[in-house]
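Residue numbers (the UniProt record's numbering): 1 to 181.
These notes are about the structure you will find just below.
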């Protein structure tokens, strides 16, 4: 029965189709896996046998940067998280030059934040963190078709390690709190 579904799908792919790119989208039409053309908003006729149409939203978006623990040069631990605001300025580059720009932006920001704290001492201020991350992301994401609009640091603060030790015989939990100074 599966072969019948595949046969019908192949026959249907021989029929040209119409694709709509909405006003908040942009896309790319790829022909024979080699040639590509940008598709701004509008109606497009494509042939599924030899063409694929991929669309993405080009309006401003915000990606959350998960909180991470980072160490300063002096060994103090901090927790830092934030968000990145961006928009797609070149859909062809965003689709064809980077695998998953949301995940890649998150990983890139985490690395830049970690590098920032590794170069700081405890008494240094952190007022230039947003500008440092924004500059680093813009430089690293050049050529991806993204316009990085802003970086926001949503939470930052010192961390405290808490470990729970268990007594195997009584199975009672004994909290041990250790602070880093």
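The beta carbon of each residue, even a glycine, is placed where N, CA and C say it ideally should be.
> What is the DSSP secondary structure of residue 43, reduced to helix, strand or coil?
Replying inline: Translated into positions along the chain shown, residue 43 becomes position 43. For residue 43, the secondary structure class from DSSP, reduced to helix, strand or coil, is strand.
> How would you label residue 32, buried or exposed, when you count the other beta carbons within 10 angstroms and need 16 or more for buried?
Replying inline: Here residue 32 is taken as the residue at index 32 of the chain shown, counted from 1. Residue 32 is exposed by the Cβ-count criterion.
> Do you know how far the Cα of residue 34 is from the Cα of residue 84?
Replying inline: Within the chain shown, numbered from 1, the residue matching residue 84 stands at position 84. Within the chain shown, numbered from 1, the residue matching residue 34 stands at position 34. Each residue's Cα considered, the two are about 32 Å apart.
>> Taking its Cβ as the centre, do 16 or more other Cβ atoms sit within 10 Å of residue 160, making it buried, or is it exposed?
In response: On the chain shown, position 160 is the one that residue 160 refers to. Classification of residue 160: exposed, given that the 10 Å Cβ count is below 16.
>> Using the three-state DSSP reduction, which class does residue 104 fall into: helix, strand or coil?
In response: Numbered from 1 along the chain shown, position 104 holds the residue referred to as residue 104. Three-state DSSP puts residue 104 in a helix.
> residue 49: buried (16+ other C-beta within 10 angstroms of its C-beta) or exposed?
Replying inline: Locating residue 49 in the chain shown gives position 49, where the first residue counts as 1. With fewer than 16 other Cβ atoms within 10 Å, it is exposed.
> Which class does residue 14 belong to by DSSP, given the choice of helix, strand or coil?
Replying inline: Along the chain shown, one-based indexing puts residue 14 at 14. Under the three-state reduction of DSSP, residue 14 is assigned to coil, being neither helix nor strand.
>> Can you look up residue 73 in the DSSP assignment and give me helix, strand or coil?
In response: Counted from its first residue, the chain shown places residue 73 at position 73. Residue 73: coil per DSSP, three-state reduction.
> How about residue 23 and residue 46: are their beta carbons less than 8 Å apart?
Replying inline: As a first step, residue 23 is located in the chain shown; it is residue number 23 there, counting from the start. As a first step, residue 46 is located in the chain shown; it is residue number 46 there, counting from the start. Taking 8 Å as the Cβ cut-off, residue 23 and residue 46 do not qualify as a contacting pair.
> Leaving out five residues before and five after residue 140 in sequence, what residues of the same chain have Cβ atoms less than 6 Å from its Cβ?
Replying inline: What you label residue 140 is simply residue 140 of the chain shown in a count that begins at 1. Taken in chain order, the residues that qualify are 108.
> Hey, how far is the Cα of residue 62 from the Cα of residue 27?
Replying inline: Numbered from its first residue, the chain shown carries residue 62 at position 62. Numbered from its first residue, the chain shown carries residue 27 at position 27. C-alpha separation (whole angstroms): 20 Å.
>> Pull the bridge partners of residue 51 from the DSSP assignment, please.
In response: The count along the chain shown starts at 1 and reaches residue 51 at position 51. The partner list for residue 51 (beta bridge, DSSP) reads 31.
> Quick one: Cα of residue 65 to Cα of residue 121, how far?
Replying inline: Taking the first residue of the chain shown as 1, we reach residue 65 at position 65. Taking the first residue of the chain shown as 1, we reach residue 121 at position 121. Roughly 23 Å between the two C-alpha positions.
>> I need the straight-line Cα distance from residue 12 to residue 89, nearest angstrom please.
In response: As a working mapping, residue 12 is identified with position 12 in the chain shown. As a working mapping, residue 89 is identified with position 89 in the chain shown. Taking the straight line joining both Cα atoms gives about 34 Å.
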